[in-house]
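The sequence shown begins at 1 in full-length UniProt numbering and counts up by one.
The beta-carbon is built from N, C-alpha and C at its ideal position, and this holds for glycine as well.
Inspection log for the structure reproduced underneath, given as C-alpha cells.
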Amino acid sequence: MGYYSSKSQGEVCVRGVSVFKGYLKDAEQTAAALDSDGWLHTGDIGVWLQNGALKIVDRK
Numbered sequence: 001m002g003y004y005s006s007k008s009q010g011e012v013c014v015r016g017v018s019v020f021k022g023y024l025k026d027a028e029q030t031a032a033a034l035d036s037d038g039w040l041h042t043g044d045i046g047v048w049l050q051n052g053a054l055k056i057v058d059r060k
C-alpha cells in the first residue's frame with residue numbers, strides 16, 4: 001500500500017477492530033469496499049495538512 005502520493009492527496013482508507021466488517025448479505029459490495037488486507041476504502045479523497053490533520057477535499 002502506498003502511503004504517499006505525488007499530489008499529496010489520495011483516497012482515505014481505514015482499518016481497525018471497530019471499523020466496518022462488511023455489508024449484510026452483500027458479498028459483492030463488501031469485496032468492493034474492503035481490500036485483502038482489511039482496509040476499508042471510504043471513497044473520500046483527503047489531503048494531509050501541515051499541522052498533521054487530514055482534510056477531506058472530494059469524493060471518488
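With fewer than 16 other Cβ atoms from the protein chains shown falling within 10 Å of its own Cβ, Leu54 counts as exposed.
Non-local C-beta neighbours of Leu49 in its own chain, meaning closer than 6 Å and more than five positions away in sequence, comprise Lys55, ordered along the chain. Exclusion of the five residues before and after Ser8 leaves Val47 and Trp48 as the residues of its chain whose Cβ lies within less than 8 Å of its Cβ. With a 10 Å radius around the Cβ and a threshold of 16 neighbouring Cβ atoms, Leu24 comes out exposed. In this structure, the straight-line span from the alpha carbon of Ser36 to that of Arg15 is close to 12 Å. Distance from the CA atom of Ala33 to the CA atom of Val17, rounded to whole angstroms, is 16 Å.
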